[in-house]
Amino acid sequence: MEKSRLESGLAQLASIDGEAGQQVIDSLQDICPDLAKYTIEFPFGDIYSRAGLDIKSREIATVAALTALGHCVPQLKVHLNAALNVGCSEEEIKEVILQMTVYAGFPAALNGMFAFKEVLAGRMA
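Per the numbering used here, the very first residue in the sequence shown carries number -7; after that it's consecutive.
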């Protein structure tokens, strides 16, 4: 039997984000469980599950996009942890954030690097 989008998404979420991803989903249950479901089904059940890019490449792209947006620090922190979880090195992540100075500007890259600094400190605690 084929997995549902929700089941597939939950499996992807657990393997990529671990506890941090589940905390985001749990935090939505009392206000909008549908948003939690959609957050699992579409990004993780449909997109992350596709062939064509490996998980590490997907997380690099996600870190770059969230850094460039500049106003998604909570989500960026989740995906910085995820990038480390799926095999990105600290140096690779720093380079991705640094690359965003060219396309998103110094403020976005600074915010991204400071978020990464917090993530690293949290992982050492």
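Using N, Cα and C, we set each Cβ at its ideal position, and we do this for glycine too. Note that the structure is a prediction, hence the values are computed from the model and not measured.
Close beta carbons around residue i, own chain, < 6 angstroms, minus the five adjacent residues each side
i: MET105; result: ILE89
Proximity test, residue i beta-carbon vs the ligand ADP heavy atom, cut-off 6 angstroms
i: PRO25; result: This structure lacks the ligand ADP; in fact it carries no ligand of any kind.
Residue i classed as buried or exposed, judged by whether at least 16 other C-beta atoms fall within 10 angstroms
i: MET92; result: buried
i: GLU51; result: buried
i: LEU58; result: buried
i: ALA56; result: buried
i: ILE23; result: exposed
i: VAL111; result: buried
Residue i, enclosing alpha helix (DSSP H) - first and last residue
i: TYR30; result: 25 to 31
i: HIS71; result: 65 to 77
i: GLN91; result: 82 to 96
i: GLN4; result: -3 to 8
Contacting residues, own chain, Cβ-Cβ under 7 angstroms from residue i (five flanking each side not counted)
i: GLY62; result: ALA96, PRO99, ALA100, ASN103
i: ALA107; result: VAL65, LEU68, LYS69, LEU72
i: SER41; result: SER0, GLN4
i: LEU20; result: LEU27, ALA28
Other residues of its chain near residue i: CB distance less than 8 angstroms, five sequence neighbours each side excluded
i: LEU5; result: GLY13, GLN14, ILE17, ILE32, PHE36
For residue i, three-class secondary structure by DSSP
i: GLN14; result: helix
i: ASP38; result: helix
i: ALA117; result: coil
i: SER49; result: helix
(Q) Would you call the stretch 24 to 34 in contact with the stretch 71 to 81, where contact means no fewer than 3 C-beta pairs closer than 8 angstroms? (A) Touching, no, given that fewer than three Cβ pairs across the two stretches are closer than 8 angstroms.
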